[in-house]
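Asker: The sequence shown begins at 1 in full-length UniProt numbering and counts up one residue at a time. Even for Gly, the Cβ is constructed at its ideal location relative to N, Cα and C. The following block contains the structure, expressed as structure tokens.
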Amino acid sequence: MSEQRRIGYRWNLRQLMAQRNLWKTTELIPLLKARGINLSNAQVHRLVTVTPERIPARTFAALCDILECTPSDLFEPYVEMRAAATANAPRRPEDIGVKPGQPIARRIRVLPADHDG
């Protein structure tokens, strides 16, 4: 079985804007509108300052066109965590001292302690 991986991503929009001397989120609005993307000031601000969980493909394509970059420049995936798909646990009950047909847990009765004066 292969390893389990948690994938994260870096959203590099702000850095790419700065490389192209776009310092304010409001400077992005007319550039997006020219490509048919109509977002409010608040939406563009969130797009620039917060890593988005979802982004429409047309908006993503418009950003790549505006910034003259590739999708991998804007959106950079990376492995956050790796783990083995299964632990190195014993495969058979006998490997941990449990015999077939014998219960692991046994009922016990607790008796009060004798108090000899």
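Expressed to the nearest angstrom, what Euclidean distance is found between the alpha-carbon atoms of Y78 and P52?
Answerer: Taking the sequence shown and counting its residues from 1, one reaches residue 78 at position 78. Taking the sequence shown and counting its residues from 1, one reaches residue 52 at position 52. If I take the Cα positions, the gap works out to 16 angstroms.
Asker: Closest to S40 by CA distance: which of Q4, V48, I29, A83 is it?
Answerer: Position 40 of the sequence shown, counted from the first residue, corresponds to residue 40. Considering only alpha carbons, the answer is I29.
Asker: On the DSSP bridge list, what partners appear for V48?
Answerer: Translated into positions along the sequence shown, residue 48 becomes position 48. According to DSSP, V48 bridges with nothing at all.
Asker: Please report the residue range of the beta strand (DSSP E) in which I7 lies.
Answerer: For the purposes of this step, residue 7 is taken as residue 7 along the sequence shown, with counting starting at 1. Start and end: 4-11.
Asker: Between R82 and R10, how many whole angstroms is the CB-CB distance? I'm expecting something under 8 angstroms.
Answerer: Locating residue 82 in the sequence shown gives position 82, counting from the first residue. Locating residue 10 in the sequence shown gives position 10, counting from the first residue. Wrong, their Cβ atoms sit about 18 angstroms apart, outside the cutoff.
Asker: So, for T26: in the same chain, excluding its five sequence neighbours on each side, which residues have a beta-carbon less than 7 angstroms away from its beta-carbon?
Answerer: Within the sequence shown, the letter at position 26 stands for residue 26. Closer than 7 angstroms at Cβ, skipping near neighbours: N41.
Asker: Excluding the five sequence neighbours on either side, which residues of its own chain have a C-beta within less than 6 angstroms of the C-beta of I66, listed in chain order?
Answerer: For this step, residue 66 is matched to residue 66 along the sequence shown. Excluding positions up to five away in sequence, the list reads L31.
Asker: How many Å lie between V98 and S72 at the Cα?
Answerer: Locating residue 98 in the sequence shown gives position 98, counting from the first residue. Locating residue 72 in the sequence shown gives position 72, counting from the first residue. One C-alpha to the other measures close to 53 angstroms.
Asker: Could you check what DSSP says for D77 in three-state terms: helix, strand or coil?
Answerer: Locating residue 77 in the sequence shown gives position 77, counting from the first residue. Here residue 77 is Pro; the residue named in the question, Asp, does not match the sequence. P77: strand per DSSP, three-state reduction.
Asker: What three-state label does DSSP hand S40 in the structure shown?
Answerer: Locating residue 40 in the sequence shown gives position 40, counting from the first residue. If DSSP states are grouped into helix, strand and coil, S40 belongs with coil.
Asker: Does DSSP classify A34 as helix, strand or coil?
Answerer: Along the sequence shown, one-based indexing puts residue 34 at 34. Three-state DSSP puts A34 in coil, outside helix and strand.
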